[in-house]
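Going by UniProt numbering, the sequence shown opens with residue 1, and the numbers climb by one from there.
Written below as structure tokens is the structure these notes are about.
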Amino acid sequence: MTDVVPERVVWLDNVLVETAIIDTEDGARTEASPSAIKIVDGSFAEIRIGDSAPPSEAIVDADGLLLLPSLRDTHVHLDKTFYGGAWRAPVPGRFWLAEEERLLPEMSEAIPVRSNAILDLLISNGTTEVVAHCNVDHVIGTRNVERVLEVVRGRGDVGTEVVAYPQHGLQDGKIKPLLAQALRAGASVVGGLDPGSRERNVERTLETIFDLAVEYDVGVDLHLHDPGTLGLFELDRVIDYTIDAGWQGRVSLSNANALANADPGTVAAAAERLADARMAVGTTMAVGGPVIPIPALSAAGVAVSLGSDSITDILTPFGQGDILEQVWMLAQRFGWSDERRLAQSLLFGAGEPARWSVDGRRAWPSVGDRASFLLVRASCTAEAVARRSSRERVFRRGVRVS
Ligand SMILES: [Zn+2]
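Here's what the structure looks like:
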């Protein structure tokens with residue numbers, strides 16, 4: 001799995017580094033130069049734009065491939081998937097939660113094989129940081145969390161946060177001790193879902209989740225699928241609880257579907273509150289269906305990220321485990337077909353390192369940054385997004401992982 005680079009110090013030579021997006025008579029164009037980057041102990045230590053590596057040092061030839069920051073998948077269910085096992089399509093018409101209850105024991109047994117297979121898939125597509133939602137429920141208890149933790153602790157090629165996720169609800173308090181047990185076992189985030197439609201008690205649900213977060217000093221990541229005014233009310237209350245707990249910067253929403261069909265004024269007000277509470281929003285791009293107002297959220301300062309969610313499971317056979325594909329789909333959904341907006345769209349797949357300033361500069365790569373990056377066969381970020389260019393090599397903290 002991990003191709004460990006033995007040298008503590010290595011030069012990446014002949015690597016294409018973007019320097020600016022500039023305006024020309026024919027529209028914007030990205031400038032990039034073959035460059036050399038010194039990596040020491042997993043971080044960038046020296047960057048020579050337009051220059052070569054000095055002789056007599058350990059050198060890795062990047063073959064002129066483009067340097068991009070590595071990708072993050074902020075919502076994936078590693079613990080309940082068919083991927084890595086025999087092919088199986090969803091069965092239409094079956095109530096999926098009952099189907100999940102039936103299949104959980106079998107899927108849980110398969111975690112060592114299947115979650116490793118998904119992680120291999122994600123990494124091969126350029127993802128090196130993952131947020132994994134793991135069931136904690138009446139069927140499986142905390143076994144899925146424990147099994148996934150064992151898998152991720154055995155791998156150095158991907159950073160994984162495990163969310164203790166009560167997919168089948170809190171069940172009048174029955175699941176709370178199990179969530180606590182999962183957090184003691186090493187899950188670093190407490191999850192939850194639809195406090196209105198699923199739990200049927202918004203206040204008690206949010207109290208339970210935030211109590212656990214504060215007691216165990218962990219983040220919160222909520223699935224909010226409820227549409228319309230119910231979903232907007234839940235969103236508002238989650239923001240209230242975040243502020244009341246002093247949990248600013250530690251709360252994420254996986255989906256915030258009520259925002260998809262909200263009017264612009266409502267979206268603007270929600271975005272401002274989310275940004276004030278430093279809350280993040282994750283979403284999954286798909287063909288068709290509503291999409292949350294990513295441009296408005298991002299413009300207000302909300303960190304928006306992308307996740308695979310389901311990969312070949314009871315709900316969908318279509319997940320590809322490819323965040324660059326999700327960025328490609330996002331750019332199409334919002335009509336971002338020009339050089340600048342294509343380049344900027346990578347922000348949602350790679351986070352802050354992929355941010356371009358309004359004058360067409362990017363802070364990454366800088367000396368001191370973690371050396372987690374991809375080498376892709378493209379001339380610039382815009383091309384890599386539009387063409388979903390092939391990921392030739394993937395590095396995490398200076399070590400080649402794919
Ligand atoms: Zn999910």
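Heads up, the beta-carbon is just placed ideally off N, CA and C, and yes, glycines get one too.
Report buried or exposed for residue 54, applying the criterion of at least 16 other Cβ atoms within 10 angstroms of its Cβ.
-> As a working mapping, residue 54 is identified with position 54 in the sequence shown. Residue 54 should be labelled exposed.
Counting only the same chain and skipping the five closest in sequence on each side, list residues whose C-beta sits under 7 Å from that of residue 123.
-> The residue labelled residue 123 in the question sits at position 123 within the sequence shown. Taken in chain order, the residues that qualify are 157, 158, 394, 401 and 402.
heavy atom of ligand 1 below 8 Å from residue 168 C-beta | Counting from 1 along the sequence shown, the entry for residue 168 is found at position 168. No, the Cβ of residue 168 stays beyond 8 Å of every heavy atom of ligand 1.
Where residue 198 and residue 139 are concerned, what is the direct C-alpha to C-alpha distance, given to the nearest angstrom?
-> As a first step, residue 198 is located in the sequence shown; it is residue number 198 there, counting from the start. As a first step, residue 139 is located in the sequence shown; it is residue number 139 there, counting from the start. Roughly 17 Å separates the two Cα atoms.
Option in 365, 166, 20 and 298 with minimal Cα separation from residue 143 = In the sequence shown, counting from the first residue as 1, residue 143 sits at position 143. Minimum Cα distance to residue 143 is reached at 166.
Could you check the C-alpha separation between residue 279 and residue 302 for me, to the nearest Å?
-> In the sequence shown, the residue the question calls residue 279 occupies position 279. In the sequence shown, the residue the question calls residue 302 occupies position 302. Looking at the two C-alpha atoms, the distance is approximately 7 Å.
Between the Cα of residue 387 and those of 326, 354 and 369, spot the shortest distance and give me the residue it belongs to.
-> Reading the sequence shown from its first residue, position 387 is the one you call residue 387. Here the closest residue by C-alpha is 326.
Are the C-beta of residue 178 and some C-beta of chain D separated by less than 9 Å?
-> Of the protein chains in this structure there is only one, and it is not chain D.
Using 8 Å as the cut-off, classify the Cβ of residue 309 as near or not near the heavy atoms of ligand 1, replying yes or no.
-> Position 309 of the sequence shown, counted from the start, is the residue given in the question as residue 309. Correct: residue 309 has its Cβ closer than 8 Å to ligand 1.
With distances taken between CB atoms, is the gap from residue 72 to residue 323 smaller than 9 Å?
-> One-based indexing of the sequence shown puts residue 72 at position 72. One-based indexing of the sequence shown puts residue 323 at position 323. It is a contact, given that the beta carbons lie within the stated cut-off.
How long is the line joining the alpha carbons of residue 74 and residue 266, rounded to whole angstroms?
-> In the sequence shown, residue 74 corresponds to position 74, counting from 1. In the sequence shown, residue 266 corresponds to position 266, counting from 1. When rounded, the distance between both Cα atoms is 25 Å.
Beta bridge counterpart(s) of residue 38 as assigned by DSSP | Residue 38 sits at position 38 when you count from the first residue of the sequence shown. According to DSSP, which records beta bridges pairwise, residue 38 is partnered with 11 and 46.
List the endpoints of the continuous alpha helix (DSSP H) containing residue 294.
-> As a first step, residue 294 must be located in the sequence shown, where it is residue number 294. Counting along the chain, the alpha helix (DSSP H) containing residue 294 begins and ends at 294–299.
Which two residues bound the contiguous alpha helix (DSSP H) that contains residue 311?
-> Taking the sequence shown and counting its residues from 1, the one referred to as residue 311 is at position 311. Run containing residue 311: none; DSSP gives neither H nor E here.
Minimum C-alpha distance to residue 88 - residue among 174, 97, 107 and 378 = By 1-based counting over the sequence shown, the position of residue 88 is 88. Selected option, being the one with the closest Cα: 107.
Confirm, please, whether the CB-CB distance from residue 20 to residue 333 is below 9 Å.
-> As a first step, residue 333 is located in the sequence shown; it is residue number 333 there, counting from the start. As a first step, residue 20 is located in the sequence shown; it is residue number 20 there, counting from the start. Taking 9 Å as the Cβ cut-off, residue 333 and residue 20 do not qualify as a contacting pair.
Short Cβ contact (9 Å threshold) for residue 64 with residue 34 = Sequence index remark: in the sequence shown, residue 64 carries index 64 (1-based). Sequence index remark: in the sequence shown, residue 34 carries index 34 (1-based). Cβ distance < 9 Å, so residue 64 and residue 34 count as in contact.
Is DSSP giving residue 383 helix, strand or coil here?
-> Within the sequence shown, residue 383 is the residue found at index 383, counting from 1. Looking at residue 383 - three-state DSSP - the assignment turns out to be helix.
Where does residue 234 land, buried or exposed, given buried means 16+ other C-beta within 10 angstroms?
-> Counting from one through the sequence shown, the residue named residue 234 turns up at place 234. When all chains shown are included, residue 234 counts as buried.
Nonlocal neighbours in the same chain, by C-beta distance under 6 Å from residue 115, ignoring five residues either side | Here residue 115 is taken as the residue at index 115 of the sequence shown, counted from 1. Hits under 6 Å: 78, 148 and 151.
If you draw a straight line from the alpha carbon of residue 103 to that of residue 368, how long is it in whole angstroms?
-> If you number the sequence shown from 1, residue 103 lands on position 103. If you number the sequence shown from 1, residue 368 lands on position 368. For residue 103 and residue 368, the distance between alpha carbons rounds to 46 Å.
Between residue 194 and the rest of its own chain, which residues show a CB-CB distance below 6 Å, the 5 nearest in sequence each way excluded?
-> In the sequence shown, the residue the question calls residue 194 occupies position 194. 225 and 226, listed in sequence order.
Less than 8 Å between the CB atoms is what I'm expecting for residue 357 and residue 397, so what's the real figure, rounded?
-> Taking the first residue of the sequence shown as 1, we reach residue 357 at position 357. Taking the first residue of the sequence shown as 1, we reach residue 397 at position 397. The pair is not a contact, with the Cβ atoms about 26 Å apart (cut-off 8 Å).
Answer yes or no: the CB of residue 138 versus the heavy atoms of ligand 1, is any distance below 8 Å?
-> Taking the first residue of the sequence shown as position 1, residue 138 is located at position 138. False, no ligand heavy atom lies under 8 Å from that Cβ.
Under the three-state DSSP convention, the category residue 216 falls into = For this step, residue 216 is matched to residue 216 along the sequence shown. Residue 216 falls in the helix class under three-state DSSP.
Leaving out the 5 sequence neighbours to the left and right, which residues in its chain are closer than 6 Å to residue 344 when beta-carbon positions are compared?
-> Residue mapping note: residue 344 aligns to position 344 of the sequence shown, counting from 1. Hits under 6 Å: 356.
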